[in-house]
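J.: Handing you this structure, nothing more for now.
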Ligand SMILES: *Cc1c(COP(=O)(O)O)cnc(C)c1O
């Protein structure tokens with residue numbers, strides 16, 4: 001069965017974004033492609049093969065269930081790293097398949113040690129250290145303990161990485177905090193070296209940090225949002241344009257989200273549209289009903305706020321976004337008929353509905369809107 005909307009991924013846009021990122025970071029910095037949350041809503045199954053074709057060979061995900069989805073695509077041909085959740089019962093699968101994972105609790109190190117011992121292989125770990133975000137990451141005393149275990153059981157571990165995460169590199173307001181974190185991280189690197197611990201990769205940067213603070217790039221960067229063609233925030237884009245004396249956004253949006261008009265009707269002046277009284281027709285209106293609601297990832301906060309494109313013209317979302325439907329005002333698009341394509345995110349000619357424009361309307365970040373796109377919407381790769 002067809003789903004009520006569909007997502008198209010533009011392969012050449014991904015290629016262009018990856019080329020841009022490679023140019024920025026140079027060939028000595030490895031790129032870990034962050035594909036957590038179903039590749040930011042783009043779809044593991046469709047997105048990961050594109051990256052694999054482009055030669056990316058390190059993928060970061062949040063949890064083991066996501067690692068499995070990526071593994072189904074890449075097999076052992078790429079490195080997969082779990083940055084967050086590894087339940088104990090999955091540790092054996094993780095270690096056996098050479099899946100890398102962050103260690104931010106001593107218990108996890110012990111669990112990994114037990115499993116690696118049992119399987120007579122090495123667990124591939126990244127030591128995540130606390131540098132000031134105060135989320136996950138080993139604090140000083142635990143790191144000390146971890147180092148002891150690592151030295152005493154060197155045969156059970158491959159120390160693939162040493163890492164941390166910044167508490168909001170996309171905002172200049174966090175400048176001082178980020179700099180403190182950079183200093184804290186570098187001091188930990190030196191201290192570990194003195195103790196004879198040499199991780200393969202030191203990595204700290206997400207998209208924003210990699211762009212704004214080049215010294216955070218180190219051996220590897222973890223790039224999520226930018227590979228999909230979005231900036232972590234407006235500040236990051238402006239900073240880039242300003243530093244390079246450019247005017248146009250070098251990234252290309254990969255995703256297009258489309259549906260079709262399901263029904264059309266005329267509404268008289270003075271009538272309310274949809275549930276309740278949130279939209280009053282101030283004049284005679286023609287409206288289009290579109291089979292996409294908050295269940296399908298079109299957030300309720302776009303009620304009376306969102307815009308869609310129909311036949312190349314912008315139509316306003318009116319009334320509340322329902323669970324399965326939304327309503328658009330097509331009074332000024334008289335040619336619109338049932339079955340016409342509706343672009344929820346994407347372009348027609350030079351008119352674009354971007355996620356960022358939603359973001360402003362709806363006070364949501366690109367990140368949230370994208371990752372709420374349900375995994376069961378049809379996804380197609382366009383070459
Ligand atoms: C999500 C995530 C990233 C990627 O962030 P972007 O802003 O999308 O580039 C990097 N590192 C960690 C630890 C993350 O959780």
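Residue numbers (our numbering): 1 to 383.
The C-beta atom is built at its ideal place from N, Cα and C for all residues, glycine as well.
Count the other CB atoms, across all protein chains shown, that sit within 10 Å of the CB of residue 226; report buried if there are 16 or more and exposed otherwise.
T.: Flag for residue 226 reads buried.
J.: What ranges does the beta strand (DSSP E) occupy inside the stretch 161 to 214, keeping only unbroken runs of at least 3 residues that lie completely in it?
T.: Fully enclosed beta strand (DSSP E) runs of 3 or longer: 201 to 205.
J.: Among 321, 71, 159, which one has its Cα closest to the Cα of residue 275?
T.: Cα-wise, what sits closest to residue 275 is 321.
J.: Sorted by chain position, which residues of the same chain lie with C-beta nearer than 6 Å to residue 166's C-beta, five sequence neighbours on each side aside?
T.: Correct list, in chain order: 178, 181, 209.
J.: Ignoring anything shorter than 3 residues or poking outside the stretch 242 to 293, list the beta strand (DSSP E) runs there in chain order.
T.: You should have 255 to 260, 263 to 267, 285 to 290.
J.: Measure from the alpha carbon of residue 63 to the alpha carbon of each residue in 100, 52, 353, 331, then state which is nearest.
T.: For residue 63, the nearest C-alpha among the options comes from 100.
J.: Starting from the C-beta of residue 88, find all residues in its chain whose C-beta is less than 7 Å away, skip the five residues before and the five after it, and write them out in chain order.
T.: Once the five neighbours on either side are set aside, the close Cβ partners of residue 88 are 111.
J.: How about residue 321: is its Cβ closer than 8 Å to a heavy atom in ligand 1?
T.: Answer for residue 321: no, Cβ out of range of ligand 1.
J.: Is the beta carbon of residue 92 sitting closer than 9 Å to the one on residue 72?
T.: Against a cut-off of 9 Å, the Cβ pair of residue 72 and residue 92 comes out as no contact.
J.: Between residue 279 and residue 319, which are expected to be in contact by the criterion C-beta below 8 Å, what is the C-beta distance as a whole number of angstroms?
T.: Right, the Cβ-Cβ distance comes to about 4 Å (below 8 Å), so this counts as a contact.
J.: Identify every residue that forms a DSSP beta bridge with residue 346.
T.: Bridge partners of residue 346: 353.
J.: Secondary structure at residue 130, three-state DSSP: helix, strand or coil?
T.: It is coil, neither helix nor strand.
J.: Measuring straight from C-alpha to C-alpha, what distance separates residue 342 and residue 300?
T.: Rounded to the nearest angstrom, the two C-alpha atoms are 18 Å apart.
J.: Any heavy atom of ligand 1 closer than 8 Å to the CB of residue 165?
T.: Yes - ligand 1 has a heavy atom lying nearer than 8 Å to the Cβ of residue 165.
J.: For the putative contact between residue 164 and residue 128, defined by C-beta atoms under 8 Å, what is the C-beta separation to the nearest angstrom?
T.: The Cβ separation is near 6 Å, so the contact holds.
J.: Of all the options 207, 242, 248, which has the alpha carbon lying nearest to the alpha carbon of residue 231?
T.: Considering only alpha carbons, the answer is 207.
J.: Taking CB distances under 9 Å as the criterion, tell me whether residue 145 reaches chain C.
T.: Annotation note: the requested chain C is absent from the structure, which comprises a single protein chain.
J.: Please state whether the Cβ-Cβ distance between residue 297 and residue 377 is less than 9 Å.
T.: Yes, these two residues count as a Cβ contact at 9 Å.
J.: Measuring alpha carbon to alpha carbon, tell me which residue in 281, 261, 259, 258 is nearest residue 268.
T.: Of the candidates 281, 261, 259, 258, the one whose C-alpha sits nearest the C-alpha of residue 268 is 281.
J.: Cβ atoms of residue 15 and residue 50: under 9 Å apart, would you say?
T.: Cβ atoms of residue 50 and residue 15: closer than 9 Å.
J.: If I follow the unbroken alpha helix (DSSP H) through residue 53, where does it start and stop?
T.: It spans 44 to 53 - the alpha helix (DSSP H) in which residue 53 sits, taken as one unbroken run.
J.: Is it the case that the Cβ atoms of residue 370 and residue 355 are separated by a distance below 9 Å?
T.: Cβ distance < 9 Å, so residue 370 and residue 355 count as in contact.
J.: When you measure from the CB of residue 60 to every non-hydrogen atom of ligand 1, does any distance come out below 8 Å?
T.: Because some heavy atom of ligand 1 lies under 8 Å away, the Cβ of residue 60 counts as near it: yes.
J.: Say whether the stretch 183 to 199 touches the stretch 230 to 245, bearing in mind that this needs 3 or more beta-carbon pairs closer than 8 Å, one atom from each stretch.
T.: Too few Cβ pairs lie closer than 8 Å, so no.
J.: Less than 8 Å between C-beta atoms, sequence neighbours within five positions excluded: which residues of the same chain meet that for residue 199?
T.: The residues are 126, 127, 159, 160, 161, 162, 192.
J.: Checking 9 Å against the spacing of the C-beta atoms, do residue 156 and residue 122 come in under that value?
T.: Their beta carbons are under 9 Å apart, which means residue 156 touches residue 122 by this criterion.
J.: Roughly how many whole angstroms lie between the Cα atoms of residue 264 and residue 273?
T.: The straight-line gap from Cα to Cα measures roughly 13 Å.
J.: With a threshold of 8 Å (Cβ to nearest heavy atom), would residue 224 be considered close to ligand 1?
T.: Residue 224 Cβ: within cutoff of ligand 1.
J.: Rounded to whole angstroms, what's the CA-CA distance from residue 61 to residue 80? Just pull it up for me.
T.: Approximately 7 Å, taken between the alpha carbons.
J.: Using a threshold of 9 Å, state whether the C-beta atoms of residue 327 and residue 287 are closer than that.
T.: In contact: residue 327 and residue 287 (Cβ atoms closer than 9 Å).
J.: Using a Cβ-based criterion (distance less than 8 Å to any ligand heavy atom), does residue 170 qualify as near ligand 1?
T.: Yes, the Cβ of residue 170 comes within 8 Å of a heavy atom of ligand 1.
J.: Looking at the structure shown, is residue 389 part of a helix, part of a strand, or coil, going by DSSP?
T.: The first residue shown for the chain is 1 and the last is 383, placing residue 389 beyond what the model contains.
J.: Mark residue 176 as exposed unless 16 or more other C-beta atoms lie within 10 angstroms of its C-beta, in which case mark it buried.
T.: By the neighbour-count rule (16 or more Cβ atoms within 10 Å), residue 176 is not buried but exposed.
J.: Ends of the alpha helix (DSSP H) at residue 309?
T.: Counting along the chain, residue 309 falls outside any alpha helix (DSSP H), though it belongs to the beta strand (DSSP E) covering 307 to 310.
J.: What do you reckon, are the CB atoms on residue 173 and residue 261 nearer than 9 Å?
T.: Not in contact: residue 173 and residue 261 (Cβ atoms no closer than 9 Å).
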